[in-house]
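Protein chains in written order, with the numbering used here: chain A, 4 to 266; chain B, 340 to 502.
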């Protein structure tokens with residue numbers, strides 16, 4: 004009797020190599036499924052168990068997950084773009100043109116990067132509005148809201164630094180205007196402007212600094228805070244739902260039991 | 340008397356505290372030093388930026404009552420009845436390059452709509468200050484030179500070059 008695909012997969016999971024990588028073991032018992040999450044370095048940030056109603060579309064509109072999705076797309080398209088782009092004044096604009104008109108699939112990657120960046124900014128704001136209007140920022144989740152605000156700022160800085168890289172007129176003047184806004188900071192404004200640009204005007208140093216910020220410093224910082232953001236979801240009692248609110252109102256309803264309803 | 344009763348353990352603890360403080364103290368000093376050196380590193384000591392002094396050519400390039408924008412250097416060379424003078428073409432609002440509107444006789448910024456007179460005086464718009472006047476002089480070869488890093492008082496006698 005021929006084996007089904009599922010049976011081949013089961014066999015694979017029994018092999019010594021598989022078992023040495025995934026220690027949680029096979030099977031679909033609650034314990035095994037919880038262990039599969041808990042013993043995975045990436046997934047252990049999340050709760051081992053989630054109520055299915057929390058995974059319904061209406062609970063979150065999946066806005067946070069979609070934001071993460073755009074971030075992955077941006078990393079996945081950004082790294083190939085780095086292979087053709089030189090952050091230097093004579094080459095930057097020409098490389099951008101090459102990516103659009105010469106490099107195979109360059110236009111696709113660049114546009115995917117650009118549209119995902121726009122989508123990410125939109126989704127971050129949508130995610131924050133959803134969290135705000137549902138009241139999911141309240142105790143005990145205040146700190147995760149703060150982390151979220153930091154992530155918003157990093158997202159905007161990533162947009163801003165990426166904007167300069169094509170080195171066209173739009174980029175040049177946008178960064179001229181934007182960096183002059185930084186000069187408006189009291190007392191140290193001109194210093195910030197000088198350090199940000201590595202000079203007094205948008206020039207070779209500014210292009211290189213924005214490139215390093217855009218490709219290294221800001222993405223790594225973002226990943227660091229995203230990790231904390233996800234870890235805090237579990238630590239703060241999972242995704243927010245009205246049922247997870249403290250029972251202060253319902254306690255007056257004659258119910259003697261207080262505290263939290265089961266999530 | 341109380342000090343004498345302190346056993347070797349007490350001495351050990353205070354020595355440990357001392358070394359802990361010593362260690363943390365040195366680390367703090369090293370951290371401050373690292374911060375200072377990092378700041379210095381991020382601040383370039385040499386800038387390969389264009390010289391602030393630019394040669395704008397012979398005065399007869401600029402006819403009487405003309406306003407000429409030098410796009411690459413971000414300045415205007417204006418030949419008025421009083422003489423030649425130079426104006427920064429960089430908007431005092433957020434640093435965009437302004438343009439001379441011949442038909443209106445004004446300098447206008449394309450970014451946020453600031454407007455200036457030919458003398459640099461602000462007419463309207465978000466710009467907080469008038470366009471600054473720049474030092475202008477004639478060198479031995481008879482070329483007009485402008486120092487973009489030096490502001491001079493607007494409409495002052497010395498701010499013009501007369502031939």
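Ideal placement from N, C-alpha and C gives every residue a C-beta, glycine not left out.
In this text, all values refer to a predicted model and were calculated from it rather than measured experimentally.
Specify the secondary structure class of residue 334 of chain B as computed by DSSP and reduced to three states.
The structure shown does not extend to residue 334 of chain B, since chain B is modelled only from 340 to 502, so the question has no answer here.
Helix, strand or coil for residue 439 of chain B, going by three-state DSSP, please let me know.
Here residue 439 of chain B is taken as the residue at index 100 of the second chain, counted from 1. Correct three-state label for residue 439 of chain B: strand.
Just checking: is the beta-carbon of residue 467 of chain B within a distance shorter than 8 angstroms of some beta-carbon in chain A?
One-based indexing of the second chain puts residue 467 of chain B at position 128. By this cut-off, residue 467 of chain B is not an interface position.
Inter-residue Cα distance where the pair is residue 27 of chain A and residue 45 of chain A
Taking the first chain and counting its residues from 1, one reaches residue 27 of chain A at position 24. Taking the first chain and counting its residues from 1, one reaches residue 45 of chain A at position 42. Approximately 14 angstroms between the Cα atoms of the pair.
Min CB distance residue 64 of chain A to chain B below 8 angstroms
What you label residue 64 of chain A is simply residue 61 of the first chain in a count that begins at 1. No, residue 64 of chain A lies away from the interface with chain B (no Cβ there is under 8 angstroms from its Cβ).
Give the single residue among B:405, B:404, B:397 and B:390 whose Cα lies nearest to the Cα of residue 413 of chain B.
As a position in the second chain, residue 413 of chain B is number 74, starting the count at 1. Cα-wise, what sits closest to residue 413 of chain B is B:390.
Would residue 383 of chain B count as contacting chain A if we go by Cβ distances under 8 angstroms?
Taking the second chain and counting its residues from 1, one reaches residue 383 of chain B at position 44. True, the Cβ-Cβ gap to chain A drops below 8 angstroms.
Since residue 205 of chain A contacts residue 178 of chain A with CB under 8 angstroms, what's their CB separation in whole angstroms?
Reading the first chain from its first residue, position 202 is the one you call residue 205 of chain A. Reading the first chain from its first residue, position 175 is the one you call residue 178 of chain A. Right, their Cβ atoms sit about 5 angstroms apart.
Within 10 Å of its beta-carbon, does residue 20 of chain A have 16 or more other beta-carbons around it, so buried, or fewer, so exposed?
By one-based count along the first chain, residue 20 of chain A stands at place 17. Burial call: exposed.
Ordered along the chain, which non-local residues of its own chain (more than five positions away) have a Cβ less than 8 angstroms from that of residue 186 of chain A?
Locating residue 186 of chain A in the first chain gives position 183, counting from the first residue. Hits under 8 angstroms: 192, 193, 195 and 196.
Would a check of beta-carbon distances place residue 340 of chain B closer than 8 angstroms to chain A?
To locate residue 340 of chain B, count along the second chain from 1; it is residue 1. The predicted position of residue 340 of chain B is uncertain, since its pLDDT is 46 and thus under 50; a value taken from the coordinates is nonetheless stated next. So no, residue 340 of chain B is outside the interface.
Between the C-alpha atoms of residue 76 of chain A and residue 127 of chain A, what's the straight-line distance to the nearest angstrom?
Translated into the one-based positions of the first chain, residue 76 of chain A becomes position 73. Translated into the one-based positions of the first chain, residue 127 of chain A becomes position 124. Answer to the nearest angstrom: the Cα atoms are 15 angstroms apart.
Start and end residues, alpha helix (DSSP H) containing residue 124 of chain A:
Stepping through the first chain from its first residue, residue 124 of chain A is reached at position 121. Residue 124 of chain A -> alpha helix (DSSP H) spans 109-137.
Just checking, does the region 162-181 of chain A make contact with the region 95-112 of chain A on the three C-beta pairs under 8 angstroms criterion?
yes
Of the choices A:176, A:134 and A:13, whose alpha-carbon is the least far from that of residue 62 of chain A?
Reading the first chain from its first residue, position 59 is the one you call residue 62 of chain A. Comparing C-alpha distances from residue 62 of chain A to each of A:176, A:134 and A:13 shows the shortest one belongs to A:134.
Helix, strand or coil at residue 422 of chain B according to DSSP, with G and I counted as helix
Numbered from its first residue, the second chain carries residue 422 of chain B at position 83. Strand.
Could you tell me if residue 440 of chain B is buried or exposed, where buried requires 16 or more neighbouring beta carbons within 10 angstroms of its beta carbon?
One-based indexing of the second chain puts residue 440 of chain B at position 101. With fewer than 16 other beta carbons inside 10 angstroms of its own, residue 440 of chain B counts as exposed.
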